[in-house]
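Participant: Quick mapping for you: the protein sequence lines, in order, are chains A and B.
Position one of the first sequence corresponds to residue 78 (this note's numbering), numbered consecutively onward.
Position one of the second sequence corresponds to residue 78 (this note's numbering), numbered consecutively onward.
From the three backbone atoms N, C-alpha and C, an ideal C-beta is built for every residue, glycine too.
The following block contains the structure, expressed as C-alpha cells.
Number of protein chains: 2
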Amino acid sequence: MIRLSKKVEYGLIAIRHIATKPAGEIVTAKEIADTYGIPYELLSKVLQKLTKSGLISSHQGMRGGYALARPPVEIPVSVIINAIEGTRQAIVQCMSEGPQTCTVFTVCTIKSPLTKVQANIERAFSTMTLSEIV
Amino acid sequence: MIRLSKKVEYGLIAIRHIATKPAGEIVTAKEIADTYGIPYELLSKVLQKLTKSGLISSHQGMRGGYALARPPVEIPVSVIINAIEGTRQAIVQCMSEGPQTCTVFTVCTIKSPLTKVQANIERAFSTMTLSEIV
DNA sequence: CTAAAGTGGACTTGTACGGTCGTATATTAT
DNA sequence: ATAATATACGACCGTACAAGTCCACTTTAG
C-alpha cells in the first residue's frame with residue numbers, strides 16, 4: 078500500500094547497526110554491507126547522506142568509518158527518512174506542489190481531509206526514535 | 078516521503094464525488110473525468126476496480142453509470158485503497174514477502190520495530206471513512 | 001437500430017529506483 | 001615516502017512500474 082524505499086531500509090538498518098555499538102566505536106560501510114548482504118556502493122551513498130545531515134559522523138582514511146553523531150534517543154525515524162529522501166513528499170501530489178502547478182487545484186476535493194491522514198503518518202514516524210529500534 | 082498512487086487519488090476523488098450526490102443518483106465516468114480533469118480511460122479502470130470490490134455499483138448501457146453501493150459511513154478509506162491497489166504492501170519488503178524470499182531475513186533488524194509504524198499508518202487510513210471526506 | 005455508456009485487454013512511454021563503475025581524496029600504518 | 005584502506009562523488013545502466021492511451025467488445029435505454 079505504501080512502501081519505504083530500499084535506501085531508507087538500508088539507512089535504518091545501518092544506523093541501527095551503528096547505534097548498537099559502544100558509543101564512539103567506528104564502523105565501516107563494508108562491515109555493514111557484508112553483515113546484512115546489501116550492496117556496498119549503494120549503502121555508501123546512503124551513509125554519505127546521513128553524514129551530510131549530521132546524524133552520523135564520518136572518518137576518512139585507513140581505520141575510518143562511521144559513528145553516531147548524537148545519542149540515539151534524540152533521533153526520530155522521520156529525521157532519518159528525510160535525510161535520505163531529501164525532498165519530503167506528501168501523500169497526494171497537490172500537497173507537496175504549489176497550488177499553481179496543481180491542475181485540479183480548484184476542484185481538488187480530497188486534499189484537506191487527507192491532511193489529517195498525512196499528519197498521522199508523520200506522527201507515526203516522528204514519535205519513534207532510533208533508541209526504540211535498537 | 079510516502080505517496081499514494083494517482084489511481085488511488087482518482088479513486089478517492091471519484092468515490093467522494095459519487096457520495097456527494099443524492100443517494101441512488103447515477104454518475105457517469107465521463108462526468109467525473111471532465112469535472113476534475115482526469116484521464117477518462119484511467120478513471121474507468123479505477124471505477125471498475127471499485128465496482129468489483131463492491132464499493133460502488135455499475136449500470137451498463139445508455140444512461141448508465143455508477144452509484145454508491147453502501148452508505149458512506151461504512152466505507153473506510155483503507156478499504157478504498159486496498160480495492161484499487163489490490164496487493165496490499167507493507168512499508169518494508171520483508172514484511173509483505175514470505176520469510177524465505179527475504180535474503181536478509183535472519184539478520185533483518187528493523188522489521189519488528191517498523192511493524193508498529195505500519196500499524197499506525199493502517200489505523201490512520203482505516204479510522205477515516207468516506208463520510209468524513211465528503 | 002443506434003447512441004451512450006461500462007468492460008477489458010494490449011500497448012506505449014516516462015521516470016524513478018536499485019544497482020554498478022570509476023576515480024578522486026583523505027588518513028593511517030609501516 | 002609509500003602503500004593500504006577508507007570515504008566522497010559523479011556518471012551511468014537496466015528494469016520495473018506507474019501513468020496514460022488505444023481499441024474492440026458488450027450492454028441497455030430510447
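Taking 8 Å as the threshold (beta carbon to beta carbon), is A/Phe182 in contact with chain B?
Facilitator: Unreliable positioning characterises A/Phe182 in this predicted model, as indicated by a pLDDT of 49, which lies under 50. A coordinate reading is not provided.
Participant: What's the call for B/Leu127, buried or exposed, on a 16-neighbour Cβ count within 10 Å?
Facilitator: Buried is the call here.
Participant: Please report the Cβ distance between B/Val169 and A/Glu118, rounded to the nearest whole angstrom; I am assuming they are in contact, meaning their Cβ atoms lie under 8 Å.
Facilitator: No, B/Val169 and A/Glu118 are not in contact; Cβ-Cβ is about 21 Å, not under 8 Å.
Participant: Counting only Cβ-Cβ distances shorter than 8 Å, please list the residues of the region 85 to 105 of chain A near chain B, keeping chain order.
Facilitator: Residues passing the 8 Å Cβ filter: Glu86, Leu89, Ile90, Arg93, His94.
Participant: Is B/Leu145 closer than 8 Å to B/Ile157 when the C-beta atoms are compared?
Facilitator: In this structure, B/Leu145 does not lie closer than 8 Å to B/Ile157 by Cβ.
Participant: Hey, would you say B/Ser155 sits closer than 8 Å to B/Glu209, going by beta carbons?
Facilitator: No. Outside cutoff.
Participant: Pull up the distance between the alpha-carbon of B/Thr204 and that of B/Val211, whole angstroms please.
Facilitator: Roughly 15 Å between the two C-alpha positions.
Participant: Expressed to the nearest angstrom, what Euclidean distance is found between the alpha-carbon atoms of A/Ile161 and A/Lys193?
Facilitator: The straight-line gap from Cα to Cα measures roughly 24 Å.
Participant: Helix, strand or coil for A/Gly88 per DSSP?
Facilitator: Residue state, collapsed to three classes: helix.
Participant: In terms of residue numbering, what span does the alpha helix (DSSP H) encompassing B/Ile158 cover?
Facilitator: That run of the alpha helix (DSSP H) goes 154 to 162.
Participant: With DSSP as the reference, identify every bridge partner of B/Tyr143, one or two as the case may be.
Facilitator: Answer is B/Val104, B/Ser135, bridged to B/Tyr143.
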